[in-house]
Amino acid sequence: MLSKYVSELLEKGERMDGRDFLEWREIEILPNVIKKAEGSASVRFGRTHVIAGVKLEISKPFPDNPNEGILIVNAEFPPIASPFFEPGPPDEKAIELARVIDRMIRESKMIESEKLVIGEEKVWGVFVDIHVMNDAGNLMDAAALASVAALLNTKIPKIEEESILRGEYIDKLPVVHKPVMVTLCKIKDKILIDPTNDEEEIIESKISFGIREDNVFCAIQKQGKSIPFNMVKQMIDLALEKSKELRSKLNAN
Amino acid sequence: MKKVEVLKDGKRIDGRGPLKMREIDVKLDIISRADGSAKFSFGNTVAIAACYGPRLLLPKHLQEEKGGIIRFRYNMAPFSVDERKSPGPDRRSIELSKVIKEALACSVFLEDFPRATLDVYVEILNADGSTRIASTNAASLAMASAGVPMRDLVCAISVGKIDDTLIVDLNGIEDNNSEADLSFGMLPSKDEVVLLQMDGRLTKEELLKLLDLAKENCLKIYELQKKVLKGKYGVEDVE
Chain A
171 MLSKYVSELL EKGERMDGRD FLEWREIEIL PNVIKKAEGS ASVRFGRTHV IAGVKLEISK
231 PFPDNPNEGI LIVNAEFPPI ASPFFEPGPP DEKAIELARV IDRMIRESKM IESEKLVIGE
291 EKVWGVFVDI HVMNDAGNLM DAAALASVAA LLNTKIPKIE EESILRGEYI DKLPVVHKPV
351 MVTLCKIKDK ILIDPTNDEE EIIESKISFG IREDNVFCAI QKQGKSIPFN MVKQMIDLAL
411 EKSKELRSKL NAN
Chain B
118 MKKVEVLKDG KRIDGRGPLK MREIDVKLDI ISRADGSAKF SFGNTVAIAA CYGPRLLLPK
178 HLQEEKGGII RFRYNMAPFS VDERKSPGPD RRSIELSKVI KEALACSVFL EDFPRATLDV
238 YVEILNADGS TRIASTNAAS LAMASAGVPM RDLVCAISVG KIDDTLIVDL NGIEDNNSEA
298 DLSFGMLPSK DEVVLLQMDG RLTKEELLKL LDLAKENCLK IYELQKKVLK GKYGVEDVE
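Going down the list, the protein sequences come from chains A and B.
At position 21 of the first sequence (counting the first as 1) the number is 191 in this note's numbering, and the numbers step up by one without a gap.
At position 172 of the second sequence (counting the first as 1) the number is 289 in this note's numbering, and the numbers step up by one without a gap.
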């Protein structure tokens with residue numbers, strides 16, 4: 171019923187909340203919301219709410235990159251956040267979201283990971299954990315923004331006698347780029363951004379673009395049904411344009 | 118990380134030119150118990166796909182009245198890689214299974230078989246880059262060979278960028294050392310994109326060029342897939 175209404179509205183060029191097709195909901199970024207974490211951020215896109223927390227642990231480097239810190243991104247879709255989330259290990263949607271955000275952060279080279287070496291066989295492991303608090307649509311863009319915002323305020327703790335002194339910091343995490351994720355959604359011949367959960371039910375397909383401040387694309391992921399070749403190209407232009415708006419929110423923080 | 122020189126004097130590590138695919142080998146109906154099956158290989162990357170159904174989906178509460186569903190699993194054999202891969206699904210294979218499943222679903226008239234499932238499974242026997250691409254091509258052929266009602270074949274290819282050179286069909290070493298790699302799949306006769314993933318760093322211009330390059334090469338895969346299927350039914354190529 172609701173889906174039919176949403177879809178008829180979109181057909182007329184309107185959205186339930188009165189936004190334009192390429193207009194974000196109100197976006198709020200709050201840094202440092204978790205005391206125990208080395209970095210954190212709470213991000214809201216309208217009613218969607220995501221928290222990202224960053225923990226740093228002394229880790230062993232990956233064998234193929236012995237002189238670099240490691241990055242692990244994980245996402246939890248806990249059952250508090252939606253009637254469709256269930257307890258248990260991450261499902262394919264949570265895994266996909268975490269992996270796409272992981273690639274955006276990694277491939278953008280935003281973290282200077284060669285500066286995260288502590289000593290022989292010892293590097294900082296940067297663990298980004300995404301916790302969805304309320305799924306009111308467009309988790310991908312919100313979770314990516316929360317992750318980047320959290321990394322931007324992440325501090326490196328002091329180490330004394332091989333162990334971490336939590337709460338005492340020696341430096342900021344070396345961050346040199348600010349990628350953001352913009353997801354373009356297709357419904358029939360129309361393209362929109364930042365769907366609500368009601369809109370997500372009728373969206374046919376979407377492409378998420380991770381884009382750096384120098385307009386370099388660092389991650390792309392298509393989801394759902396097919397998309398005409400030329401529409402993909404159209405989405406690339408729109409993603410670039412919209413990434414600037416998201417990044418200005420990040421910078422204003 | 119040890120920098121591997123993957124491109125030298127315009128030649129790739131396996132001697133190919135930048136725009137050349139590896140040798141492709143395709144065989145149909147290699148698994149007699151399956152309704153349709155296929156092998157698709159790019160050089161040393163070997164994917165085996167089998168298709169079962171459409172068949173009744175059980176348990177019943179999973180059934181959908183509006184149409185059938187596709188179940189798909191991408192799986193790497195433990196011996197297919199340098200360091201033994203521990204058996205069973207990991208995060209990578211769960212993501213790839215989702216992405217390939219969605220690509221294949223675009224090609225099938227799922228609405229024609231409510232309450233049913235189409236089960237498509239791929240095993241990677243030997244991995245040397247572009248395994249998701251070989252899997253997608255193999256799966257689509259297995260489905261076609263099983264006689265599944267389809268809008269089109271799904272054709273896939275990987276493209277990428279190394280030292281400012283655009284390349285087609287990445288092998289394992291290139292995959293690990295490229296500045297960008299893009300996995301792409303489409304329904305050629307519909308001009309629709311069904312698979313698109315990229316990681317690396319690309320400008321908009323490079324991205325657009327890679328998309329065109331990917332599409333051009335998908336059309337080559339398409340011709341090959343059609344030829345193999347026509348061969349199965351003894352249809353002469355009239356063109």
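Quick reminder that beta carbons are idealized off the backbone N, C-alpha and C, glycines included.
So is the beta-carbon of residue 202 of chain A under 8 Å away from any non-hydrogen atom of the ligand ADP? For the structure depicted, the ligand ADP is absent and the ligand set is empty, with no information on it obtainable.
Residue 277 of chain A: contacting residues in chain B (beta-carbon distance under 7 Å): 316, 317 and 318
7 Å CB neighbourhood of residue 352 of chain B in its chain, flanking five on each side removed: none
Kindly indicate which residue of A:389, A:414, A:306 and A:333 has the alpha-carbon position closest to the one of residue 247 of chain A. A:306
Where residue 249 of chain B falls: helix, strand or coil (DSSP): helix
Could you run through the region 370-398 of chain A and flag, in chain order, every residue whose CB is less than 7 Å away from some CB of chain B? 377, 385, 386, 387, 388, 389, 390, 391, 392, 393, 394, 395, 396, 397 and 398
Taking 9 Å as the CB-CB limit, is residue 260 of chain B close to chain A? Not one chain A Cβ lies under 9 Å of residue 260 of chain B.
Take residue 328 of chain A and list the residues in its own chain whose beta-carbon comes closer than 6 Å to its own, dropping the five residues that flank it on each side. 335, 338 and 340
Consider the Cβ of residue 403 of chain A: report whether some Cβ of chain B lies at a distance smaller than 9 Å. yes
At a CB-CB cut-off below 9 Å, which residues of chain A make contact with residue 308 of chain B? Result: 398, 399 and 400.
Spell out whether any CB of chain A is found under 9 Å from the CB atom of residue 303 of chain B. yes
Element boundaries [beta strand (DSSP E), containing residue 378 of chain A]: 375-381
Backbone secondary structure at residue 412 of chain A - three-state DSSP: helix
Closer than 8 Å at the beta carbon, the chain B residues around residue 262 of chain A: By Cβ distance, chain B contributes 211, 212, 214 and 215.
Name the one or two DSSP bridge partners that residue 301 of chain A has. A:221 and A:246
At a Cβ threshold of 9 Å, is residue 225 of chain B touching chain A? Cβ-Cβ to chain A under 9 Å: no for residue 225 of chain B.
Given a cut-off of 9 Å, decide if residue 241 of chain A and residue 272 of chain A are closer than it, judged by their beta-carbon atoms. yes
What's the call for residue 169 of chain B, buried or exposed, on a 16-neighbour Cβ count within 10 Å? buried
Checking contacts by CB at 9 Å: is residue 311 of chain B closer than that to chain A? Residue contact check for residue 311 of chain B against chain A: a CB pair falls below 9 Å.
Going residue by residue through the region 237-287 of chain B, where are the continuous beta strand (DSSP E) segments of at least 3 residues, counting only ones entirely within it? 272-279 and 282-285
Any chain A beta carbon closer than 9 Å to residue 188 of chain B: no
With a cut-off of 8 Å, do at least 3 Cβ pairs link the region 223-232 of chain B to the region 174-184 of chain B? yes
Taking its Cβ as the centre, do 16 or more other Cβ atoms sit within 10 Å of residue 210 of chain B, making it buried, or is it exposed? buried
Check whether chain B comes within 9 Å of residue 321 of chain A, counting only Cβ atoms and requiring the distance to be less than that. no
What's the C-alpha gap between residue 304 of chain B and residue 271 of chain B? 5 Å
Ends of the beta strand (DSSP E) at residue 362 of chain A? DSSP places residue 362 of chain A in the uninterrupted beta strand (DSSP E) bounded by 360-363.
Only counting the same chain, and skipping five residues up and downstream in sequence, which positions put a Cβ closer than 8 Å to that of residue 197 of chain A? The beta carbon of residue 197 of chain A lies closer than 8 Å to those of 213, 214, 215, 315, 416 and 419 in the same chain, with the five residues before and after it left out.
How many Å lie between residue 421 of chain A and residue 201 of chain A at the Cα? If I take the Cα positions, the gap works out to 12 Å.
Partners in chain A for residue 283 of chain B, counting only beta-carbon separations shorter than 7 Å: Within chain A, no residue comes near residue 283 of chain B; the closest Cβ sits about 14 Å away, beyond 7 Å.
Cutoff 9 Å: residue 139 of chain B Cβ touching any chain A Cβ: no
When burial is assigned at 16 or more other CB atoms within 10 Å of the CB, is residue 317 of chain A buried or exposed? buried
Can you check whether the C-beta of residue 240 of chain A is within less than 9 Å of a C-beta belonging to chain B? No, residue 240 of chain A lies away from the interface with chain B (no Cβ there is under 9 Å from its Cβ).
Are the CB atoms of residue 220 of chain B and residue 328 of chain B nearer to each other than 9 Å? no
Cβ shell of residue 156 of chain B (< 6 Å), same chain only, five flanking positions each side left out: Correct list, in chain order: 144, 147 and 165.
Neighbour flag for residue 129 of chain B against chain A, beta carbons, 9 Å: Answer no: the Cβ-Cβ gap between residue 129 of chain B and chain A never drops below 9 Å.
Which same chain residues end up closer than 7 Å to residue 284 of chain A when comparing Cβ atoms and leaving out the 5 residues on each side of it in sequence? 237 and 238
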